[in-house]
């Protein structure tokens with residue numbers, strides 16, 4: 139039997155609890171239905187508990203520790219993602235990138251990776267509220283408004299419940315769509331959203347507009 143896929147989550151101060159739990163819970167439920175397919179570990183820069191944006195603190199398993207070659211590493215951030223980024227952290231991320239299978243960001247975790255220079259031509263996403271600031275700081279990077287992006291070794295999520303859809307997609311790819319659907323039903327989801335689903339409320343509902351051409355025009359305006 140294959141070794142479990144380990145996900146490591148580096149928690150930045152003020153990280154999004156919703157984004158983190160939406161990523162971990164699908165892994166937990168997948169293990170209920172299909173033995174121990176996944177493991178997860180929480181990391182922090184100094185090994186101490188980290189306070190999230192809602193004021194709750196989480197203990198972590200370890201300080202900065204290089205992942206194994208088969209591990210996936212996600213940086214989880216929230217408000218002010220760069221407040222505690224320093225040379226030591228960026229150097230560690232570069233070392234981790236060379237050995238791990240996947241390096242990604244959740245919510246505004248993409249800021250941390252971008253600040254470390256770990257994006258090239260890959261597509262990336264992050265929470266819609268931070269996209270404009272991100273584009274101003276990193277104008278050469280390719281940012282989308284998708285729920286999540288999977289581009290080679292770089293995987294990013296807009297955070298919130300988008301992390302749930304991302305993990306269900308990864309579970310489906312690794313262990314089949316049937317398991318992904320079984321997991322999604324445990325969360326009473328109507329469907330597994332694709333990455334192309336819009337982060338914000340659908341245009342027709344938000345603006346009470348139902349003319350298809352007008353919806354398309356508003357959508358194009360938002361994308362630009």
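Residue numbers (our numbering): 139 to 362.
Glycine included, C-beta positions come from ideal geometry on N, C-alpha and C.
Test item: CB-CB of residue i and residue j under 7 Å
i, j, result
"residue 318", "residue 309", "yes"
"residue 264", "residue 282", "no"
"residue 211", "residue 205", "yes"
"residue 243", "residue 231", "no"
"residue 249", "residue 279", "no"
"residue 195", "residue 152", "no"
"residue 305", "residue 164", "yes"
"residue 331", "residue 303", "yes"
"residue 188", "residue 241", "no"
"residue 207", "residue 167", "no"
"residue 154", "residue 216", "yes"
"residue 172", "residue 198", "no"
"residue 214", "residue 180", "no"
Residue i - containing beta strand (DSSP E), residue span
i, result
"residue 143", "143–149"
"residue 241", "240–244"
"residue 179", "176–181"
"residue 263", "261–263"
"residue 223", "Unbroken run through residue 223: none, as it is neither H nor E."
"residue 212", "210–214"
"residue 281", "280–282"
Three-state secondary structure assigned by DSSP to residue i
i, result
"residue 309", "helix"
"residue 229", "helix"
"residue 355", "helix"
"residue 324", "helix"
"residue 315", "helix"
"residue 289", "strand"
"residue 237", "helix"
Bounding residues of the alpha helix (DSSP H) (the contiguous stretch that carries residue i)
i, result
"residue 249", "247–253"
"residue 162", "155–171"
"residue 270", "269–275"
Near the ligand SAM: residue i beta-carbon under 6 Å from a heavy atom
i, result
"residue 196", "Looking for the ligand SAM in the displayed structure turns up nothing, as the structure carries no ligands at all."
Minimum Cβ-Cβ distance from residue i to chain E less than 7 Å
i, result
"residue 297", "Of the protein chains in this structure there is only one, and it is not chain E."
Distance between beta carbons of residue j and residue i, contact taken as under 8 Å
i, j, result
"residue 296", "residue 285", "6 Å"
"residue 228", "residue 254", "4 Å"
"residue 177", "residue 200", "Actually they do not touch by this definition, with Cβ atoms about 13 Å apart."
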